[in-house]
Structure formats: structure tokens, C-alpha cells
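Numbering (UniProt numbering), first residue to last: 1 to 209. Every residue gets a Cβ at the ideal spot worked out from N, C-alpha and C, and that includes glycine.
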């Protein structure tokens, strides 16, 4: 399986990049939200490195390999959760993710059907399925700073794991520690990284409002 690809962007399409990797030209489908982020950072004008989701699209007589590209592992992780929703395959998800991942994750977390149903190819029925399947499970992705996201890794201790995720989402360590401290003070009953990040996200929404 191809997990990453790097090379020079030779062609940019609406939802894909053609990347020259050592003289081999790969078509990599990229969600519109990621394309916008790459353009913002001027990364579609030269060398690029993408984390890839690699799968085979099955046709009557063959399996066609397909690559979908992301800037980092945490975007890919969110995508993989998104396609667990019934009726949403990889290509449909790729087309639907037109808004920053943090914005879409936030809409899922608060059950915003009106926002979700407007995403390309989703509609009201699938929007409701997305909320039913993922609400309460994607809070940490709402903390992505989409202009400079990065990958996240795990840890055995849920507080340390949350700290790692926040710092790799471009929050300063001191800022992340303060966010975790306040979240624990607000809800000392949290026992998992997911619960802690959800509390941090709720706290962030209150501050924004």
C-alpha cells in the first residue's frame, strides 16, 4: 500500500493533483478543503508531500487503485471516520469535504444538519446518518488549526495523549497544558483522551462565543 507520496505537482485539477514522482506520474485525488490549504501555503506550485489513503475501486472485471491525499495523518484519520458512515465511500467523502476539517468536525459534534446537508453529495438523509454515527466521536478534529495542521500520535496516559494531540495541532505546549487543566477543572470525571478533548473543544467554543 502507498502511505505517502512526494514529488513535483505538474497539473492541478479541481479535485486532484498530478504528481511527478521520479518520472512516474500519479493522479492523487485531494479533498477541496486540502486543495485550498495547499494553495494558501503555495504548495501546489512545486514540491509536495502528501499522506495517502490507498484503496481499490472495484469494477466488473478489475480493481482500479486510487490514491486520496492529505496534508497529515490527522486529516486522514478524520476522513477514515467519515467513510464509516453508511453510503459514503472514499470518492464521495473526498468530494464532500469542501470546508476546513475543523469546521466539518464541529458541525458533526453539535449536530448541525443544515450545514452538513449542504456539503456536495450529502443531502439531509446522509447528514442525519453522519450525526448519528459520528457525533461525540470527532471532537478533537474540531481543534485542528487548518492553516498549519500536523499529525497526531498516541500515548498510554490519556492526559499526555491529549497534550501530544494539541501540541501537534499547533497549540503551544503551555497553551495546551492550560487548556487541559481548565477542562479537567470543568469536568474532573473525564477518563479518556476522547472525553478530555471533547471537554477542551466545548471550552474552546465557549471562549469563541
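Quick test of your reading: residue i and residue j, contact by CB under 8 Å. State the CB separation rounded to the nearest angstrom.
i, j, result
"residue 115", "residue 93", "That pair is no contact at about 16 Å."
"residue 158", "residue 192", "5 Å"
"residue 18", "residue 25", "6 Å"
"residue 38", "residue 48", "7 Å"
"residue 34", "residue 71", "6 Å"
"residue 199", "residue 187", "5 Å"
"residue 197", "residue 143", "7 Å"
"residue 117", "residue 127", "4 Å"
"residue 201", "residue 109", "7 Å"
Look up residue i in the DSSP assignment and give the residues it is bridged to.
i, result
"residue 19", "9 and 26"
"residue 52", "69"
"residue 57", "64"
"residue 47", "8"
If you draw a straight line from the alpha carbon of residue i to that of residue j, how long is it in whole angstroms?
i, j, result
"residue 20", "residue 120", "29 Å"
"residue 166", "residue 15", "29 Å"
"residue 32", "residue 138", "20 Å"
"residue 5", "residue 55", "14 Å"
"residue 124", "residue 182", "36 Å"
"residue 178", "residue 106", "21 Å"
"residue 150", "residue 168", "Because the pLDDT of residue 150 is 39, which lies under 50, any placement of that residue in the model is unreliable, and the number read from its coordinates should be weighed accordingly. Roughly 6 Å between the two C-alpha positions."
"residue 60", "residue 185", "57 Å"
"residue 129", "residue 173", "36 Å"
"residue 102", "residue 134", "14 Å"
"residue 96", "residue 190", "33 Å"
"residue 90", "residue 83", "6 Å"
"residue 74", "residue 164", "12 Å"
"residue 62", "residue 9", "28 Å"
"residue 2", "residue 53", "8 Å"
"residue 81", "residue 132", "13 Å"
"residue 98", "residue 23", "30 Å"
"residue 65", "residue 203", "42 Å"
"residue 87", "residue 122", "9 Å"
"residue 69", "residue 194", "25 Å"
"residue 12", "residue 100", "19 Å"
Going by DSSP in three states, residue i sits in which element: helix, strand or coil?
i, result
"residue 85", "coil"
"residue 171", "coil"
"residue 188", "coil"
"residue 14", "coil"
"residue 103", "helix"
"residue 179", "helix"
"residue 109", "helix"
"residue 200", "helix"
Tell me where the alpha helix (DSSP H) around residue i begins and ends.
i, result
"residue 90", "90 to 96"
"residue 32", "32 to 40"
"residue 128", "123 to 134"
"residue 144", "Premise fails: residue 144 is in no alpha helix (DSSP H) and is neither H nor E."
"residue 113", "113 to 117"
Answer yes or no: does any C-beta atom of chain B fall closer than 8 Å to that of residue i?
i, result
"residue 20", "The structure shown contains no chain B; it holds only a single protein chain."
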